[in-house]
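Numbering-wise (my numbering), the sequence shown opens with residue 100 and increments by one.
Please read the structure below before turning to the comments.
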Amino acid sequence: MQKIHVGFIGAGGIAKSHAYAIQALKFFYDDVPEIVLESVTSAREESRKLFMEKFGFSSANHLKEFVKDKNIEAVFILGPNNVHFEHFQLALKMPGIKYIYLEKPVCTTLEEELKMKELLVDAEGKVKLQVGFQYLQTSSVREALKLWQTGILGKPVHFDLKYYHGDYLQADYRTKRLSRLTPAPDGGAMADLGSHGISLLIAFFGDKLKITGALQSGNFRDVPVDSDLFSSISIADMETKAVGHLSASRISSGSGDLVSIEIYSENGWLSYSSENPGFFEYYLENSGKRIKKFAGSDYSPASSFPSKHASPGWLRSLVHTHYIFFTGNDTGSFVPGLDHGLAVQKLVRETAEQLTKFRKLTANV
100 MQKIHVGFIG AGGIAKSHAY AIQALKFFYD DVPEIVLESV TSAREESRKL FMEKFGFSSA
160 NHLKEFVKDK NIEAVFILGP NNVHFEHFQL ALKMPGIKYI YLEKPVCTTL EEELKMKELL
220 VDAEGKVKLQ VGFQYLQTSS VREALKLWQT GILGKPVHFD LKYYHGDYLQ ADYRTKRLSR
280 LTPAPDGGAM ADLGSHGISL LIAFFGDKLK ITGALQSGNF RDVPVDSDLF SSISIADMET
340 KAVGHLSASR ISSGSGDLVS IEIYSENGWL SYSSENPGFF EYYLENSGKR IKKFAGSDYS
400 PASSFPSKHA SPGWLRSLVH THYIFFTGND TGSFVPGLDH GLAVQKLVRE TAEQLTKFRK
460 LTANV
C-alpha cells in the first residue's frame with residue numbers, strides 16, 4: 100500500500116478538523132493510501148507539542164526544522180491568514196514535497212497574488228495543489244453542480260447566495276477571535292465566510308464575475324470599521340449577463356451556520372440550503388415540476404458510508420475533500436486548485452476596495 104507522509108503547518112482549530120478528516124478516511128473509502136502523520140509545526144512550542152501528542156504525529160518541530168524534513172511529502176498550510184503565502188513558498192521548496200493543501204485565503208495582497216501566479220506555472224505537473232473550499236464537496240452541492248452542468252435549467256438570469264453566522268454578536272466570542280478582526284481582505288466576514296460563497300459562484304458560473312458594488316453594516320467599538328461584520332456585494336457574470344448578490348455575516352442572530360444558494364434561469368430554478376443538507380431542489384419551467392433531489396451521504400462510486408440516506412455534515416465534506424486530495428479518484432467533483440483560489444481571492448480583494456468606497460460614501464450620513 101502507498102504511504103504518504105504528512106506535515107501540518109498550524110495547530111489551531113482548523114488543524115484539528117483536518118486531523119480528524121485524515122484519520123477518518125479509512126472508514127469511508129477502500130482505496131486510500133496509508134497516511135503517516137509525520138510532523139506538525141506552529142508558532143508556539145507548547146501548542147505544537149500538545150497537538151502532536153493528542154493527534155498522533157511523530158514529531159513537533161520549529162518551522163525551520165520542519166521545512167528541512169525529507170520525509171514529508173504532503174503539507175497542509177493551516178496557519179493564520181496573513182502567513183499563508185509565506186508558508187506556501189516554503190512548502191514548495193521542501194525536499195520531498197509532492198502535495199500541498201492550502202487553506203483559504205491563498206494570500207492577502209495583490210503583490211502576493213501576482214507572485215502566486217508565477218509559482219503556479221513553476222509547480223505545474225510537479226506538485227499537486229488544492230485549496231480549502233470544502234463546501235464544493237458537500238454531497239448535495241456536488242449533485243446540484245452536476246445537474247447545472249447538464250444545461251437543463253438554461254441560461255441563468257439572477258442568483259442569491261448567503262453565508263451567515265451570528266457568533267460575533269457576543270462580546271466574549273469577539274475577544275476570543277481577535278486575530279480574525281483584521282481589516283479586509285485579510286479579515287472580515289467576506290474574506291472568512293463570503294470567500295466560500297464566491298468559490299461556489301465560480302464553480303457554477305466560471306471566473307468571469309465582476310463586482311459592481313458593496314455594502315456593509317454592523318458596528319461594535321471593539322471591531323475595526325474596516326473589518327466587515329456584515330457585507331453584501333452585487334455581482335455580474337460577464338459571460339451570461341446574469342446578476343445577483345452575495346452576502347456574508349458574522350452577526351445574523353439565530354442563523355447558525357447558514358449557507359444558501361438560489362439560481363433562477365430561463366428554464367427553471369435551483370436551490371440549496373445547509374439547513375437541509377441532505378438534498379437540493381430544482382424546478383423545471385416546461386413541466387411545472389418541483390423536484391427534491393436527495394444526496395445524503397452518497398459519494399458514489401467512491402463511498403456511501405455509513406448509508407446513502409444518512410444525513411451529511413460539514414466534516415463529511417471535509418473528509419471527501421481529503422479523499423480527492425490524496426487519491427484524485429473522484430472525477431465527478433469540482434476540485435479547487437490554486438487557480439480557483441486565486442480567482443476567489445481577486446474578488447475578495449476587490450470587495451475590500453468596494454467596501455472602502457462605501458464607508459467613505461456613508462461617513463457623514
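Think of the CB as a built atom: it goes at the ideal place given N, C-alpha and C, for glycine as much as any other residue.
Cross-strand partners of residue i (DSSP beta bridge)
i, result
"His-421", "DSSP output for His-421 lists no bridge partner at all."
"Pro-255", "Ser-364"
"Ala-142", "Its beta-bridge partners do not exist; DSSP assigns none."
"Leu-235", "None; Leu-235 has no bridge partner."
"Leu-345", "Leu-260, Ile-332"
"Lys-340", "Note: Lys-340 sits in no beta bridge, so no partner."
"Ile-196", "None; Ile-196 has no bridge partner."
"His-104", "Val-135"
"Lys-227", "Tyr-198"
"Leu-308", "Asp-336"
"Ala-313", "Ile-332"
"Leu-357", "Tyr-263"
C-alpha distance - residue i paired with residue j, whole-angstrom precision
i, j, result
"Ser-116", "Gly-109", "12 Å"
"Val-205", "Asn-385", "42 Å"
"Ile-390", "Arg-279", "40 Å"
"Asn-160", "Tyr-119", "21 Å"
"Ala-243", "Leu-369", "8 Å"
"Lys-445", "Ala-347", "17 Å"
"Ser-158", "Pro-400", "36 Å"
"Asp-221", "Ile-196", "14 Å"
"Gly-296", "Tyr-267", "19 Å"
"Glu-338", "Val-135", "45 Å"
"Gly-355", "Tyr-398", "26 Å"
"Ala-341", "Thr-207", "28 Å"
"Asp-321", "Tyr-371", "35 Å"
"Ser-138", "Lys-125", "20 Å"
"Ser-316", "Ser-330", "6 Å"
"Thr-140", "Leu-201", "15 Å"
"Gly-178", "Leu-277", "15 Å"
"Phe-319", "Thr-455", "18 Å"
"Gly-305", "His-344", "16 Å"
"Lys-307", "Glu-211", "21 Å"
"Gly-231", "Glu-145", "26 Å"
"Asn-478", "Glu-223", "Any property of residue 478 remains undetermined from this structure, which presents the chain solely from 100 to 464."
"Lys-203", "Gly-440", "7 Å"
"Val-443", "Lys-388", "34 Å"
"Ile-350", "Leu-314", "15 Å"
"Ile-310", "Pro-282", "19 Å"
"Phe-187", "Ile-176", "7 Å"
"Leu-460", "Ala-335", "22 Å"
"Ser-326", "Lys-275", "16 Å"
"Gln-465", "Glu-133", "Lying outside 100 to 464, the shown extent of the chain, residue 465 is not represented and no answer is given."
Cβ-based burial, residue i [other Cβ within 10 Å; buried from 16]
i, result
"Gly-106", "buried"
"Arg-273", "buried"
"Gly-155", "exposed"
"Gln-453", "buried"
"His-408", "exposed"
"Ala-462", "exposed"
"Gly-367", "buried"
"Asp-291", "buried"
"Gly-431", "exposed"
"Ser-410", "exposed"
"Glu-374", "exposed"
"Met-215", "buried"
"Ser-352", "exposed"
"Leu-300", "buried"
"Gln-101", "exposed"
"Ala-142", "exposed"
"Gly-250", "exposed"
"Gly-112", "exposed"
"Leu-252", "buried"
For residue j and residue i, believed in contact at Cβ under 8 Å, the rounded distance
i, j, result
"Thr-420", "Gln-236", "5 Å"
"Leu-437", "Leu-228", "4 Å"
"Val-324", "Arg-458", "6 Å"
"Ala-288", "Leu-260", "Actually they are not in contact, since the Cβ atoms of Ala-288 and Leu-260 sit about 13 Å apart, beyond 8 Å."
"Ser-416", "Lys-254", "Not a contact, Cβ separation roughly 29 Å."
"Met-193", "Ile-171", "6 Å"
"Gly-312", "Ser-333", "5 Å"
"Phe-127", "Val-418", "6 Å"
"Pro-435", "Ser-298", "6 Å"
"Ser-131", "Tyr-422", "The displayed chain sequence assigns Val, not Ser, to residue 131. Going by Cβ atoms, the distance from Val-131 to Tyr-422 rounds to 6 Å, so yes, they are a contact pair."
"Leu-357", "Tyr-263", "4 Å"
"Asn-181", "Asp-285", "5 Å"
"Tyr-198", "Phe-433", "Not really, about 19 Å apart at Cβ, beyond 8 Å."
Residue i: CB within 6 Å of a non-hydrogen atom of the ligand MN
i, result
"Asp-291", "Judged by which ligands are present, the structure shown has none, so any question about the ligand MN falls away."
Short CB-CB distance (under 7 Å) between residue i and chain C
i, result
"Ser-406", "Of the protein chains in the structure, only one exists, and it is not chain C."
Please list the segments of the alpha helix (DSSP H) lying wholly inside the stretch 158-187, counting only runs of 4 or more residues, in order along the chain. Entirely contained in the stretch 158-187, the alpha helix (DSSP H) runs reaching 4 residues are, in chain order, 162-165.
Give, in chain order, every unbroken run of the beta strand (DSSP E) that is at least 3 residues long and sits entirely within the stretch 370-440. The qualifying runs are 378-383, 388-393.
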